[in-house]
Amino acid sequence: MKSELAKDNKAWPFQEGRSLLKRVNNKTPDKGHVLFETGYGPSGLPHIGTFGEVARTTMVRRAFEELCDIPTRLVAFSDDMDGMRKV
């Protein structure tokens with residue numbers, strides 16, 4: 001455990017980080033890292049939802065990194081396939 005403060009932290013990113021750590025059985029996956037993915041659609045003006053999606057994923061990733069020494073990677077997708085654009 002990297003941080004004793006992180007171990008008992010009740011904030012939701014740390015709760016999610018602990019859940020992910022349990023999911024990988026507290027060890028580095030065969031691929032050598034845990035992959036975090038996020039995405040957003042660039043249609044329209046930027047708004048808080050665009051920021052929020054990336055921010056939430058980043059917060060959980062950082063919490064996970066405080067909980068263990070397993071390497072992580074972040075992949076961000078941007079697509080223009082917004083199904084609501086035509087509504």
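Going by the numbering used here, the residue at position 80 of the sequence shown is 80; the numbering climbs one at a time, nothing skipped. Ideal Cβ positions, reconstructed from N, Cα and C, are used throughout, including at glycine.
Distance from Gly17 to Pro71 at the Cβ level is roughly 14 Å; contact not present, criterion being Cβ atoms closer than 8 Å.
In the structure shown, Ser19 falls within a helical segment according to DSSP collapsed to helix, strand and coil. Residue environment analysis places Phe14 among the buried positions, since at least 16 neighbouring C-beta atoms fall within 10 angstroms of its C-beta. Leu20 sits away from Val75, with the two beta carbons spaced by 8 Å or more. Going by DSSP, Ala76 is part of the beta strand (DSSP E) stretching over Thr72 to Ser78.
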